[in-house]
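Q: Provided herewith is a single structure, encoded as C-alpha cells, for subsequent inquiry.
There are 2 protein chains.
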Amino acid sequence: MTSTISINDNHSLKLSPLEVPNRLLLGPGPSNAHPAVLQAMNTTPLGHLDPAFLALMDEIQSLLRYVWQTENPHTIAVSGTGTAAMEATLANTVEPGDVVLIGVAGYFGNRLVDMAGRYGADVRTITKPWGQVFSLDEISTALETHKPAILALVHAETSTGARQPLEEVGELCRKYGTLLLVDTVTSLGGVPIFLDEWGVDLAYSCSQKGLGCSPGASPFTMSARAMEKLQKRETKVANWYLDMLLLGKYWGVERTYHHTAPINLYYGLREALRLVAEEGLASCWQRHQKNVEYLWESLETIGLKMHVEKEFRLPTLTTVCIPEGVDGKAVAKQLLLDHNIEVGGGLGELAGKVWRVGLMGFNSRPESVDRLVAALKEVLGK
Amino acid sequence: MTSTISINDNHSLKLSPLEVPNRLLLGPGPSNAHPAVLQAMNTTPLGHLDPAFLALMDEIQSLLRYVWQTENPHTIAVSGTGTAAMEATLANTVEPGDVVLIGVAGYFGNRLVDMAGRYGADVRTITKPWGQVFSLDEISTALETHKPAILALVHAETSTGARQPLEEVGELCRKYGTLLLVDTVTSLGGVPIFLDEWGVDLAYSCSQKGLGCSPGASPFTMSARAMEKLQKRETKVANWYLDMLLLGKYWGVERTYHHTAPINLYYGLREALRLVAEEGLASCWQRHQKNVEYLWESLETIGLKMHVEKEFRLPTLTTVCIPEGVDGKAVAKQLLLDHNIEVGGGLGELAGKVWRVGLMGFNSRPESVDRLVAALKEVLGK
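Same order as they appear, the protein sequences are chains A and B.
At position 35 of the first sequence the residue is numbered 923 (our numbering), and the sequence of numbers has no breaks.
At position 324 of the second sequence the residue is numbered 1212 (our numbering), and the sequence of numbers has no breaks.
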C-alpha cells in the first residue's frame, strides 16, 4: 500500500442514489427500452466465456439474422453504440486507396465520409438535398463513373427521416465488383429490410431504436464477399477493438477471448430480439407503419406538415416542419421540461427547420402519438 | 412497405425470457456488479443530450477524477469496454513513426504492442517473465536507449496478478519528453493509484472490476501534455469513435452530439462511483487489501501457493499455482458447474500453470473467500 500520499477529496461528490425524470423519448433515439428489456439487464452477470453466456451469444446471432433477413454467418453485436458498428464496416473493408462512393443526403452520410477518409479511402460522393433519396438511375450512373470498391448508402437517414430504396442496388454493385454497405441504424426492426434479397454486403445498426433495447450493443453483419475482402487485406485492420477477424474467433467456434462483452447489455439485446421474434417481424413492421400513419394524420389535423415526400418517409422517424414564426427550440424545450416528452431538433441543412419525431420499438404505440399531439397542441396554442 | 418478398423464419427462435445461473464471478472479470448498480441500470432512459443526463455525465467525470486522483479536465467514460479505452489512449496520441516503448510482462502488454503497431508506431519493447515487474533502473535504461514518444506500462497485469510500481516513472519520462501511458484496468478502485502524483499522462480502465459496475463504459483520462500532442497532430485521429477531440466536445461545454451514449450503463457507472465515494477511496483500497490477504492465507492453509512475489501481488487479482498432477481446467469447470463459482485460467506463459482469482469491487468480501476455499477443498479433495 502506498500510504505516504494523502488522498485528495476535491472531486469526491456526496450524491444520492439516482433519480431521473420519467421521459417519453420521441426523438431520434434513444427510445424508451421495453420494460422487460430493462428487467433482463437487471440480472446477475455471467463471465464472457461462461457456457451459458456463449449460448446466449448464439441466440443473439440467430435472431439478428432473422431481423435482418440474412444468412450471413458473420452476424454479431459490436460492444459499442451504433457509431462503433458503423466504423466497423469501414475499418474492416477499406484499404488505403480504395475508392469508396458515399450517398450523402444527410448527417450520417457525411459521417461515413469522415470515417472512410480516416481509413485511407479515396472518397467520392453523390449528394441530394436533405430529405430526398437517390434514384436507381443516379446510383447506376455514379457506379459507372467511380467503379468503387464500396458503395455506402444510408437506408434510414436519421437526420432527415427519408428511406432510401435499396431494391436492385445490390445487383448493380455486382456488375462493378462493388461491395454494398448500408446504414440501417434507424430501420432495423421498424422498416422492412431484406439484406440478402437486396444483395447488401455490410450493414450495421443500433439497439435502442426499432429493437427497443438500451443503447450500447450494436448489430453488425458482413457477407461472404465482404469477408473475402477482409481476408485478402495486405495490412492489419487499423482498429483492434473492431477487427472482425479477431471478433469472429470470439463469436465463432474458437471462442477466443477478445474483450469483456458488456454482459448485461447483451442480456437486454437478447430480450429485445426475443420480443421482436415473439411479435413476428412482419407484425412489428406493420405496427411501426400503422402508428406512424396515425402520427402523420394527427399532426396534420393540428396544421403541421411533414418534410419528406410520403412515399419515402420512414415509419420510425418523421421530420415535422416547424411552422413559420414558431421557435422550434423553445417548443422542444417546453415539451421536455413541462411534458416530459423528448423530440429532436434538425441537424445541418434542416437545423431550425424541423423537429424529429421518433416512434420506434416499444414507443411505437398510439398512446405515444396521443400524448405528443396533446402536448404539442398545448404548447403551440392550437 | 415491401410486400413482395416473404419473410424467412429460419433464424427466428422461440425463446423463453432470460434465465441464467447465479454465479459468483471470482475470475479476472467481469465481477458481480453491486446489486444497487444493476438496480440503477433498470431506470427509464434519458436522451443523451437531456440536461438531466448531462448533469449525470458531469458527476461521472468528477468521480472518475477522484478515484484516479487526478485533476485532468479530460476525464471521461468511453462507450465501450476496457479494450476500447485502451485503444483510445494509443489512437489519439500515436502518429505514424512515433517510437512507443512498451513494458511486456503479460498478455495485456502484448495487446498494447499489437494495437500500437496498427496506429503506425515504431514499437520497442522491454520484457520480463510473466509475474514479474520492471525496476526503476530497467525503465530508466530503456528510456535512455529508446527515447520514446510514449512509454506504456501495465499497472495491474490481469494475466499475471503483478502490480507494476509507478513511483518516479513520470519524472523519468519528463526528462525525455515521453508521455507515460498506464493500464489501470485491474487496479482502478481496488489498488492505490495517484495518477497526478505519479505523472501519468494517459490512463484507461474498465467498469466491471474494482468499481463493481457492469462492463461496457470505460474510464479514460489524459493530461494536458497528452492533449497537447493530440492537438498538434498532423493527421486526423485514425479512429472516429474514439477521437478525443470529438468526444471532448460532447463531454465538454459544447455538448455537441457525437454518439448515443449507453445511457443505462452510465446510470450504473454513476451508481458504482457513488458507492466508492460513499465508502471512501482509502477504505475501498484497504478492504481490497484485507480481503486478498485473507484469501492468500486461506489458500495457503490448503497447501496452495501464489505465483507472484508478495510485494508485487495485486489486491484485486491473484494467480494461484496449480499443484503438480492437478488438471487445472477440470477443477475450474467443476467449480463453475457444481459450485457456481467462476475462476480464470492462465494465459500465455502461464497457461495450465495458474488459476486467476479475482476479488474485485462488490466481490471483495470475506464471504467470497470462504465460499471459494470451501469449494476448492471439496474439488481438490483436501
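Ideal Cβ positions, reconstructed from N, Cα and C, are used throughout, including at glycine.
(1) With a threshold of 9 Å between beta-carbons, can B/Thr890 be considered close to chain A, or not?
(2) With a Cβ-Cβ cutoff of 9 Å, do A/Ala1160 and A/His936 count as a contact?
(3) Considering just the uninterrupted stretch of the alpha helix (DSSP H) at B/Ser894, what are its terminal residues?
(4) Distance cutoff 9 Å, beta carbons only. Does B/Trp1128 sit that close to anything in chain A?
(5) Can you give me the Cβ contacts of A/Ser1111 inside the same chain, cut-off strictly under 6 Å, excluding the 5 residues immediately before and after it?
(6) Could you name the residues of chain B that A/Gly883 contacts, counting a contact when the two beta carbons are closer than 7 Å?
(7) Please report the Cβ distance between B/Thr1015 and B/Val992, rounded to the nearest whole angstrom; I am assuming they are in contact, meaning their Cβ atoms lie under 8 Å.
(8) Anyone know if the C-beta pair for A/Ala940 and A/Val982 falls short of 9 Å?
(9) Report, in whole angstroms, the separation of the C-beta atoms of B/Ile1151 and A/Pro918, which I expect to be a contact under 8 Å.
(10) Using alpha carbons as the reference points, say which of A/Leu934, A/Glu1122, A/Thr963 lies closest to A/Glu947.
(11) Should B/Lys902 go down as buried or exposed, given a rule of 16 or more other Cβ atoms within 10 Å for buried?
(12) To the nearest angstrom, report how far apart A/Thr932 and B/Arg911 are at their CA atoms.
(13) Would you mind stating whether B/Asn980 and B/Ala1114 have Cβ atoms separated by less than 9 Å?
(14) Using a Cβ-Cβ cut-off of 6 Å (strictly less than) and excluding sequence neighbours within five positions of B/Leu1268, which residues of its own chain qualify?
(15) With a floor of 4 residues, list each alpha helix (DSSP H) that falls wholly inside the stretch 980–1045 of chain B, ordered by position along the chain.
(16) Our contact map puts A/Ile1038 next to A/Asp986 with C-beta atoms below 8 Å; I'd like the distance itself, whole angstroms only.
(17) B/Ser1032 to A/Tyr1154, Cα distance in whole Å?
(18) Whole-angstrom Cβ separation of B/Ala972 and B/Leu1130, contact assumed at under 8 Å?
(19) Does the distance from the CB of B/Leu1060 to the CB of B/Ile1081 come in under 9 Å?
(20) Ordered along the chain, which non-local residues of its own chain (more than five positions away) have a Cβ less than 6 Å from that of B/Leu913?
(21) Ignoring anything shorter than 4 residues or poking outside the stretch 1041–1098 of chain B, list the alpha helix (DSSP H) runs there in chain order.
(22) In chain A, which residues lie with their C-beta within 7 Å of the C-beta of B/Ile893?
(23) Can you tell me the Cβ-Cβ gap for B/Gln1096 and A/Thr1148, rounded? I've got them flagged as a contact below 8 Å.
(24) Indicate whether at least one CB of chain A lies closer than 9 Å to the CB of B/Thr878.
(25) Which chain A residues sit within Cβ distance under 9 Å of B/Val908?
(26) Flag this pair as yes or no: are the beta carbons of B/Val1073 and B/Cys1101 separated by less than 9 Å?
(27) So which residues on chain B does A/Ala921 lean against when the C-beta distance must stay under 7 Å?
(28) Chain B beta carbons: is any one of them nearer than 9 Å to that of A/Arg999?
(29) With 16 as the cutoff for other CB atoms within 10 Å, does B/Val1141 come out buried or exposed?
(30) Use the C-beta contact count for A/Met889: other C-beta atoms within 10 angstroms, 16 or more gives buried, fewer gives exposed.
(31) Distance, Cα to Cα, A/Trp1173 vs A/Ala943?
(32) Going by the CB atoms, is the gap between B/Gly994 and B/Leu1235 shorter than 9 Å?
(33) Could you check what DSSP says for B/Leu1187 in three-state terms: helix, strand or coil?
(34) Leaving aside the five residues before and after A/Gln1222 along the sequence, list all residues of the same chain whose C-beta is less than 6 Å from its C-beta, in chain order.
(35) How many angstroms separate the CA atom of A/Arg1244 from the CA atom of B/Met929?
(36) Measure the CB-CB distance between A/Ala1272 and A/Thr977 and report whether it falls below 9 Å.
A: By the coordinates alone:
(1) The count along the second sequence starts at 1 and reaches residue 890 of chain B at position 2. Because B/Thr890 carries a pLDDT of 47, less than 50, the predicted location of this residue cannot be relied on, and no value is offered for it.
(2) By 1-based counting over the first sequence, the position of residue 1160 of chain A is 272. By 1-based counting over the first sequence, the position of residue 936 of chain A is 48. No, Cβ-Cβ distance for A/Ala1160 and A/His936 is not below 9 Å.
(3) Here residue 894 of chain B is taken as the residue at index 6 of the second sequence, counted from 1. Segment: none, B/Ser894 is in no alpha helix (DSSP H) and carries neither H nor E.
(4) Position 240 of the second sequence, counted from the first residue, corresponds to residue 1128 of chain B. Closer than 9 Å to some Cβ of chain A, the Cβ of B/Trp1128 qualifies, so yes.
(5) Here the question's residue 1111 of chain A lines up with position 223 in the first sequence. Excluding sequence neighbours, A/Ser1111 sits near Asn960, Asp1089.
(6) Outside the modelled stretch of chain A, which goes from 889 to 1270, sits residue 883 of chain A, for which no answer is possible.
(7) Translated into positions along the second sequence, residue 1015 of chain B becomes position 127. Translated into positions along the second sequence, residue 992 of chain B becomes position 104. About 5 Å; that satisfies the 8 Å criterion.
(8) Position 52 of the first sequence, counted from the first residue, corresponds to residue 940 of chain A. Position 94 of the first sequence, counted from the first residue, corresponds to residue 982 of chain A. Cβ atoms of A/Ala940 and A/Val982: not closer than 9 Å.
(9) By 1-based counting over the second sequence, the position of residue 1151 of chain B is 263. By 1-based counting over the first sequence, the position of residue 918 of chain A is 30. Indeed, because the Cβ distance is near 6 Å, the residues count as touching under 8 Å.
(10) Mapped onto the first sequence, residue 947 of chain A falls at position 59. The shortest Cα separation from A/Glu947 among A/Leu934, A/Glu1122, A/Thr963 belongs to A/Thr963.
(11) Locating residue 902 of chain B in the second sequence gives position 14, where the first residue counts as 1. Counting Cβ neighbours within 10 Å, B/Lys902 comes out exposed, since fewer than 16 surround it.
(12) Here residue 932 of chain A refers to the residue found at position 44 when the first sequence is read from its first residue. Here residue 911 of chain B refers to the residue found at position 23 when the second sequence is read from its first residue. Taking the straight line from one Cα to the other gives about 8 Å.
(13) Walking along the second sequence from the start, residue 980 of chain B turns up at place 92. Walking along the second sequence from the start, residue 1114 of chain B turns up at place 226. Result yes, Cβ atoms of B/Asn980 and B/Ala1114 sit closer than 9 Å.
(14) Position 380 of the second sequence, counted from the first residue, corresponds to residue 1268 of chain B. Excluding sequence neighbours, B/Leu1268 sits near nothing in its chain.
(15) 995–1006, 1024–1034
(16) On the first sequence, residue 1038 of chain A is found 150 positions in, with the first residue counted as 1. On the first sequence, residue 986 of chain A is found 98 positions in, with the first residue counted as 1. With a Cβ gap of about 7 Å, A/Ile1038 and A/Asp986 count as contacting.
(17) In the second sequence, residue 1032 of chain B corresponds to position 144, counting from 1. In the first sequence, residue 1154 of chain A corresponds to position 266, counting from 1. As written in the sequence, residue 1032 of chain B is Glu, which differs from the Ser given in the question. Cα to Cα, B/Glu1032 sits roughly 46 Å from A/Tyr1154.
(18) The count along the second sequence starts at 1 and reaches residue 972 of chain B at position 84. The count along the second sequence starts at 1 and reaches residue 1130 of chain B at position 242. That pair is a contact at about 7 Å.
(19) What you label residue 1060 of chain B is simply residue 172 of the second sequence in a count that begins at 1. What you label residue 1081 of chain B is simply residue 193 of the second sequence in a count that begins at 1. No, Cβ-Cβ distance for B/Leu1060 and B/Ile1081 is not below 9 Å.
(20) For the purposes of this step, residue 913 of chain B is identified with residue 25 of the second sequence, where counting begins at 1. If we look at B/Leu913 and ignore the five residues flanking it on each side, its Cβ neighbours are Ser919, Asn920, Glu1230.
(21) 1057–1063
(22) Residue 893 of chain B sits at position 5 when you count from the first residue of the second sequence. Within chain A, the residues near B/Ile893 are Phe1082, Glu1085.
(23) Position 208 of the second sequence holds residue 1096 of chain B. Position 260 of the first sequence holds residue 1148 of chain A. Their Cβ separation, rounded to whole angstroms, is 6 Å, which keeps B/Gln1096 and A/Thr1148 in contact under 8 Å.
(24) In the structure as shown, chain B begins at 889 and stops at 1270. Residue 878 of chain B is therefore absent and cannot be evaluated.
(25) Counting from one through the second sequence, the residue named residue 908 of chain B turns up at place 20. Those are Thr931, Thr932, Pro933, Leu934, Asp938, Ala940, Phe941, Leu944, Tyr1155, listed as they occur along chain A.
(26) Taking the second sequence and counting its residues from 1, one reaches residue 1073 of chain B at position 185. Taking the second sequence and counting its residues from 1, one reaches residue 1101 of chain B at position 213. No, the pair does not count as a contact, with Cβ atoms beyond the cut-off.
(27) Translated into positions along the first sequence, residue 921 of chain A becomes position 33. By Cβ distance, chain B contributes Pro933.
(28) Locating residue 999 of chain A in the first sequence gives position 111, counting from the first residue. Cβ-Cβ to chain B under 9 Å: yes for A/Arg999.
(29) On the second sequence, position 253 is the one that residue 1141 of chain B refers to. Exposed is the call here.
(30) For the purposes of this step, residue 889 of chain A is identified with residue 1 of the first sequence, where counting begins at 1. The predicted position of A/Met889 is uncertain, since its pLDDT is 46 and thus under 50; no value can be drawn from it.
(31) Position 285 of the first sequence, counting from 1, holds the residue named residue 1173 of chain A. Position 55 of the first sequence, counting from 1, holds the residue named residue 943 of chain A. One C-alpha to the other measures close to 28 Å.
(32) Start at 1 with the first residue of the second sequence, and residue 1235 of chain B comes out as number 347. Start at 1 with the first residue of the second sequence, and residue 994 of chain B comes out as number 106. It is a contact, given that the beta carbons lie within the stated cut-off.
(33) The count along the second sequence starts at 1 and reaches residue 1187 of chain B at position 299. If DSSP states are grouped into helix, strand and coil, B/Leu1187 belongs with the helices.
(34) Here the question's residue 1222 of chain A lines up with position 334 in the first sequence. Closer than 6 Å at the Cβ level, and outside the excluded window around A/Gln1222, lie Val1267.
(35) Taking the first sequence and counting its residues from 1, the one referred to as residue 1244 of chain A is at position 356. Taking the second sequence and counting its residues from 1, the one referred to as residue 929 of chain B is at position 41. So the alpha carbons of these two residues sit roughly 27 Å apart.
(36) Given that chain A is displayed from residue 889 to residue 1270, the structure contains no residue 1272 of chain A and the question cannot be resolved.
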